[in-house]
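Asker: A single structure is presented below for examination.
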Amino acid sequence: MERTVIEFMKKNRVVAVIRSTSYEKSLEFARACVDGGIRIIEIISISPGSERLLGELASEDGICVGAGTVLDRGSAERMSGCGARFIVSPHTDPEIIEYCRKNGITVISGAFTSSEMVNARSIGADFVKVFPASSFGPGYIKAIKEPLGFMDIMVTGGITTDNIGDYLASGAALAGVSTALLSGGDDYRSIRQRAEEFSEFCA
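If you're matching positions, the sequence shown starts at 974 in my numbering and goes up one per residue.
Structure representation (structure tokens):
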């Protein structure tokens, strides 16, 4: 199951990161992204109604839904219990990684330096998350990938339609987008339109 999720994510590449002030708004946001062609949805675990939203979306065909900003093992357990297929943490937590590995859940751990990335992978992370990617840009990802070609990197923070292609070309496996999806307005039609633009970068 985990390998299937990893392959699905590497194929689709663009991750819509859903954070809102209410369950209803987050659901509308997620629906617009899916209808716009984005197939990977990350629900921020500390957002209102996140567990309900995960449960709502997890059973739908053709998409992969996971939880983000997961800070500890307990949160990972709750989110996976709601149907999360992947777990994203802003840091590298051995207990989260251990839980995910034992339960066949894809895990993405926060790391920035090459040492942090190698450490995360050595204890079982499937991907490493670089945030905020905009602090250093696509050149940093390219430089990291030269000696660490095996490293599967997810970039988030400051990803736009203008630079996502550069990040993917530099070697990033995944690109998480959030704020840019709302740049044209937070209504369904605007978000769907932006999602369609981002979905053009799916493999």
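Yeah, the Cβ is synthetic: ideal placement off N, Cα and C, and Gly gets one too.
1. Beta-carbon within less than 7 Å of serine 1108's beta-carbon, same chain only, minus the 5 sequence neighbours each way: which residues are those?
2. Just how far apart, CA to CA, sit lysine 984 and arginine 976?
3. Is it the case that the region 1118-1125 contacts the region 1012-1020, given that we only count it when at least three CB pairs across the two stretches are under 8 Å?
4. Between His1064, Gly1035, Val1091 and Ser1143, which has its C-alpha nearest arginine 1058's C-alpha?
5. Of the residues Tyr1113, Gly1039, Ile1070 and Asp1099, which one's Cα is nearest the Cα of serine 1053?
6. Extract the residue ranges of the beta strand (DSSP E) inside the region 1033-1109, only unbroken runs of 3 or more that lie entirely within it.
7. Can you give me the C-alpha to C-alpha distance between serine 1095 and proline 1111, rounded to a whole angstrom?
8. Let me know if phenylalanine 1123 comes out buried or exposed under the rule of 16 or more other beta-carbons within 10 Å of its beta-carbon.
9. Assuming serine 1082 contacts alanine 1098 (C-beta within less than 8 Å), just tell me the rounded distance between them.
10. Tell me the rounded alpha-carbon separation between glutamate 930 and serine 1032.
11. Measuring alpha carbon to alpha carbon, tell me which residue in Leu1154, Val1101 and Gly1158 is nearest cysteine 1006.
12. Under 8 Å Cβ to Cβ from valine 1043, same chain only, skipping five residues before and after it: list those, please.
13. With which residues is leucine 1147 paired in a DSSP beta bridge?
14. Among the residues of its own chain, which have a CB less than 6 Å from the CB of arginine 1167, if the five just before and after it don't count?
Answerer: In short, the structure shows the following:
1. What you label residue 1108 is simply residue 135 of the sequence shown in a count that begins at 1. The answer is none, since no qualifying residue turns up.
2. If you number the sequence shown from 1, residue 984 lands on position 11. If you number the sequence shown from 1, residue 976 lands on position 3. Distance between the alpha carbons of lysine 984 and arginine 976 is about 12 Å.
3. Between the region 1012-1020 and the region 1118-1125 there are fewer than three C-beta pairs closer than 8 Å, too few to call the two in contact.
4. Residue 1058 sits at position 85 when you count from the first residue of the sequence shown. Residue Gly1035 is the option with its Cα nearest to arginine 1058.
5. Taking the sequence shown and counting its residues from 1, the one referred to as residue 1053 is at position 80. In this structure, Gly1039 is the residue among Tyr1113, Gly1039, Ile1070 and Asp1099 with its C-alpha nearest to the C-alpha of serine 1053.
6. Qualifying beta strand (DSSP E) stretches, in chain order: 1037-1041, 1059-1061, 1079-1083 and 1100-1103.
7. If you number the sequence shown from 1, residue 1095 lands on position 122. If you number the sequence shown from 1, residue 1111 lands on position 138. When only Cα atoms are considered, serine 1095 and proline 1111 end up about 24 Å apart.
8. In the sequence shown, residue 1123 corresponds to position 150, counting from 1. The Cβ neighbour count for phenylalanine 1123, taken over all protein chains shown within 10 Å, is under 16; the residue is labelled exposed.
9. Position 109 of the sequence shown, counting from 1, holds the residue named residue 1082. Position 125 of the sequence shown, counting from 1, holds the residue named residue 1098. Your pair serine 1082 and alanine 1098 checks out as a contact, with CB atoms roughly 4 Å apart and the cut at 8 Å.
10. Residue 930 falls outside the range modelled here, since the chain spans only 974 to 1176, and no answer is possible.
11. Against the sequence shown, residue 1006 aligns to sequence position 33. Cα-wise, what sits closest to cysteine 1006 is Leu1154.
12. Numbered from 1 along the sequence shown, position 70 holds the residue referred to as residue 1043. If we look at valine 1043 and ignore the five residues flanking it on each side, its Cβ neighbours are Ser1018, Ala1049, Met1052, Ile1060, Val1061, Ser1062 and Ile1069.
13. Here residue 1147 refers to the residue found at position 174 when the sequence shown is read from its first residue. Answer by DSSP bridge pairing, in chain order: Met1127.
14. Taking the first residue of the sequence shown as position 1, residue 1167 is located at position 194. Here the set comprises Leu1154 and Gly1157.
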